[in-house]
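Asks: Got a structure for you, written out below as structure tokens; questions coming shortly.
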Amino acid sequence: MNVDPSVSASCDFSIETLSDPDCFLELKDDWQQLSSDTHAGGALPLPLTLAWMISWWSGFSNGARLRLTIIRQYGRIIAIAPLAAVQDQYRQISIRKIKFLSNGHSPFCDILFAPEVEHGMRKNIMRELIKHLDCDLIELRGLKDRGSTHQLLSEVAQSMGIRVAVNPALSTPVVDTNGDWDTFLAEKSKKFRQRVRSATNRFERSGAKIEQTTIQSGDDFIVEEMITVSSQSWKRSLGADLSSRENSVRFLKSLFDQLGPSQSVSVWMARTDTGEPIAFELHLLWGGVSYPIRADFNEQYRKLSPGFIAELNALRSLFEQVDATTYYSCADDYQYLTHWTDTYAQHVTVELFKPGLKGFLLYSLEYRLIPVLRGIRSVFRKETDSERKTSRPSKVA
Numbered sequence: 000m001n002v003d004p005s006v007s008a009s010c011d012f013s014i015e016t017l018s019d020p021d022c023f024l025e026l027k028d029d030w031q032q033l034s035s036d037t038h039a040g041g042a043l044p045l046p047l048t049l050a051w052m053i054s055w056w057s058g059f060s061n062g063a064r065l066r067l068t069i070i071r072q073y074g075r076i077i078a079i080a081p082l083a084a085v086q087d088q089y090r091q092i093s094i095r096k097i098k099f100l101s102n103g104h105s106p107f108c109d110i111l112f113a114p115e116v117e118h119g120m121r122k123n124i125m126r127e128l129i130k131h132l133d134c135d136l137i138e139l140r141g142l143k144d145r146g147s148t149h150q151l152l153s154e155v156a157q158s159m160g161i162r163v164a165v166n167p168a169l170s171t172p173v174v175d176t177n178g179d180w181d182t183f184l185a186e187k188s189k190k191f192r193q194r195v196r197s198a199t200n201r202f203e204r205s206g207a208k209i210e211q212t213t214i215q216s217g218d219d220f221i222v223e224e225m226i227t228v229s230s231q232s233w234k235r236s237l238g239a240d241l242s243s244r245e246n247s248v249r250f251l252k253s254l255f256d257q258l259g260p261s262q263s264v265s266v267w268m269a270r271t272d273t274g275e276p277i278a279f280e281l282h283l284l285w286g287g288v289s290y291p292i293r294a295d296f297n298e299q300y301r302k303l304s305p306g307f308i309a310e311l312n313a314l315r316s317l318f319e320q321v322d323a324t325t326y327y328s329c330a331d332d333y334q335y336l337t338h339w340t341d342t343y344a345q346h347v348t349v350e351l352f353k354p355g356l357k358g359f360l361l362y363s364l365e366y367r368l369i370p371v372l373r374g375i376r377s378v379f380r381k382e383t384d385s386e387r388k389t390s391r392p393s394k395v396a
């Protein structure tokens, strides 16, 4: 543990940096008392829970150094920044980077505060936190666009003269599942409703079925079936299937072990008439929000649309559950998801370039020089295309 004494001298809080992964479990009670504005509701969103962070670290630490940053006031934890330090490349320049404990498997992330911590105190904490982090770049991926943390960072960094860049991250489709399924489906386009009927009839005529199973732990047999289905999907050629990604499997199995006892993990498995698994939709239900964090289908059965049918059944079931209020797709704005909703959760990646020559050069390269070069290249290409068109010989009748 590393405590920053300079903070205690000037503020009524202290900052600690924890680097031992065993510290996660020691924080269990304190972690549950914190909150975020990433989603409405009383429960901390699943991707910000201790269970998620423990599982993420077990799967994706990959040589990163844990920098779990704890803010205490009179001995009590009032904020946690789930961070890691990595050596990285930025435009082929070696840098020291501080980042969230998140990646493509994480739909969002945030800095957590005790609910009673007021805005002024949060600003002071954010200011001292930025000073405390020893790196060239702080990269916070998946913050809620215009959420409290995003606004605080921008406000504080500007007052400190720190260069900040904000880039779009996931634009995630979200479905309100409080209503009635038939009413919800009736509001969709006629063409899409016909697709639903056609795909459902084709699937059922083949003798295929959908089964819903609650996963109790990472050792459940159905987990191996999911890995098998994934290995037969189109993702295999990209090396993105579960059988090719041991780190993803470790992450998922750890989550199942953490959340299984609470009956939070469900998988909808599509099977042929012989029982062969051919598609699955994996959902984690937490605080009324259902997170579909993985889905795959066997490419050989594409004509049966088993992945679509699995998703259809999983989504429909949420409308029938009293404790389910939201389907949070965990994906970007993919075209197939636009059929379900026009409501989106917008996220951003905030980059803070620490003061000094290296930070100045990194920011200037990425957000000053490269945009100019891109503009010059675009003009050059337009002029070249125009010259080619005018230099072509005209056709003679």
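Residue numbering for the sequence shown follows numbering that gives the first Met the number 0, starting at 0 and increasing by one per position.
The C-beta atom is built at its ideal place from N, Cα and C for all residues, glycine as well.
Residue range of the beta strand (DSSP E) that Glu446 falls in?
Replies: Residue coverage of the chain in this structure runs from 0 to 396, which leaves residue 446 outside it and unanswerable.
Asks: Would DSSP call His118 helix, strand or coil?
Replies: In this structure, His118 counts as helix in the three-state DSSP scheme.
Asks: Would you call the stretch 76-95 and the stretch 278-296 touching, i.e. three or more CB-CB distances under 8 angstroms?
Replies: At 8 angstroms Cβ cutoff, the stretches do not touch.
Asks: What number of angstroms, rounded off, separates the C-alpha of Gly178 from the C-alpha of Ala313?
Replies: Taking the straight line from one Cα to the other gives about 15 angstroms.
Asks: Taking 8 angstroms as the cut-off, does the stretch 303-318 touch the stretch 138-157 (at least 3 CB pairs, one atom from each stretch)?
Replies: The stretch 138-157 vs the stretch 303-318: no contact.
Asks: Quick one: give me the first and last residue of the beta strand (DSSP E) that Gly141 is part of.
Replies: 136-143 is the extent of the beta strand (DSSP E) around Gly141.
Asks: Would you please state the rounded distance, in angstroms, between the beta carbons of Trp180 and Phe318? I believe it to be under 8 angstroms.
Replies: Their Cβ separation, rounded to whole angstroms, is 4 angstroms, which keeps Trp180 and Phe318 in contact under 8 angstroms.
Asks: At the level of alpha carbons, what is the spacing between Tyr366 and Ser236?
Replies: Roughly 35 angstroms separates the two Cα atoms.
Asks: Extract the residue ranges of the beta strand (DSSP E) inside the stretch 300-379, only unbroken runs of 3 or more that lie entirely within it.
Replies: Segments of the beta strand (DSSP E) lying fully in the stretch 300-379: 325-327, 343-352.
Asks: Arg140: which of Asp109, Ser35, Gly74, Leu254 sits nearest, CA to CA?
Replies: Residue Asp109 is the option with its Cα nearest to Arg140.
Asks: Drop a sphere of 10 angstroms on the beta-carbon of Asp256, count the other beta-carbons inside from all chains shown, and report buried for 16 or more, exposed for fewer.
Replies: By the neighbour-count rule (16 or more Cβ atoms within 10 Å), Asp256 is buried.
Asks: Look at the Cβ atom of Lys96, then the Cβ atom of Asp135, and state whether they are nearer than 8 angstroms.
Replies: Yes; because the gap between Cβ atoms is below 8 angstroms, this pair is in contact.
Asks: Alpha carbon to alpha carbon, how far is Gln211 from Cys10?
Replies: One C-alpha to the other measures close to 53 angstroms.
Asks: Would you call Phe12 buried or exposed, if buried means 16 or more other Cβ atoms sit within 10 Å of its Cβ?
Replies: It counts as buried.
Asks: Identify the continuous beta strand (DSSP E) that holds Ile14 and give its terminal residues.
Replies: Note, Ile14: beta strand (DSSP E), 13-17.
Asks: Using only the alpha-carbon positions, how far apart do Ala63 and Ser57 sit?
Replies: Distance between the alpha carbons of Ala63 and Ser57 is about 11 angstroms.
Asks: Decide if the stretch 112-128 is in contact with the stretch 324-335; the criterion is three or more beta carbon pairs, one per stretch, under 8 angstroms apart.
Replies: No: fewer than three Cβ pairs fall under 8 angstroms.
Asks: Where does His104 sit, in a helix, a strand or coil, going by DSSP?
Replies: In this structure, His104 counts as coil in the three-state DSSP scheme.
Asks: Pick from Arg126, Ile161, Trp233, Pro167: whose alpha carbon is nearest that of Tyr362?
Replies: Nearest option by C-alpha distance: Ile161.
Asks: Contact defined as beta carbons within less than 8 angstroms: I believe Arg90 pairs with Leu372. What is the distance between those atoms, to the nearest angstrom?
Replies: Not quite, the Cβ-Cβ distance comes to about 12 angstroms (not below 8 angstroms), so this is no contact.
Asks: Could you pull the DSSP bridge partners for Lys98 from this structure?
Replies: Per DSSP, Ala83, Glu138.
Asks: Of the residues Leu43, Trp339, Asn246, Glu154, which one's Cα is nearest the Cα of His104?
Replies: Checking every option, the nearest Cα to that of His104 belongs to Asn246.
Asks: With Ile76 and Asp29 assumed to form a contact (beta carbons below 8 angstroms), what rounded beta-carbon distance in angstroms separates them?
Replies: Going by Cβ atoms, the distance from Ile76 to Asp29 rounds to 4 angstroms, so yes, they are a contact pair.
Asks: Quick one: give me the first and last residue of the beta strand (DSSP E) that Trp267 is part of.
Replies: First-last of the beta strand (DSSP E) with Trp267: 264-270.
Asks: Can you list, in chain order, the residues of its chain whose CB lies under 6 angstroms from that of Asp19, leaving out five sequence neighbours each side?
Replies: For Asp19, where only same-chain residues beyond five positions count, there are no Cβ hits under 6 angstroms.
Asks: Is the beta carbon of Val174 closer than 8 angstroms to that of Thr340?
Replies: Result yes, Cβ atoms of Thr340 and Val174 sit closer than 8 angstroms.
Asks: Looking only at DSSP bridge pairs, what is Asp175 linked to?
Replies: Per DSSP, Thr325.
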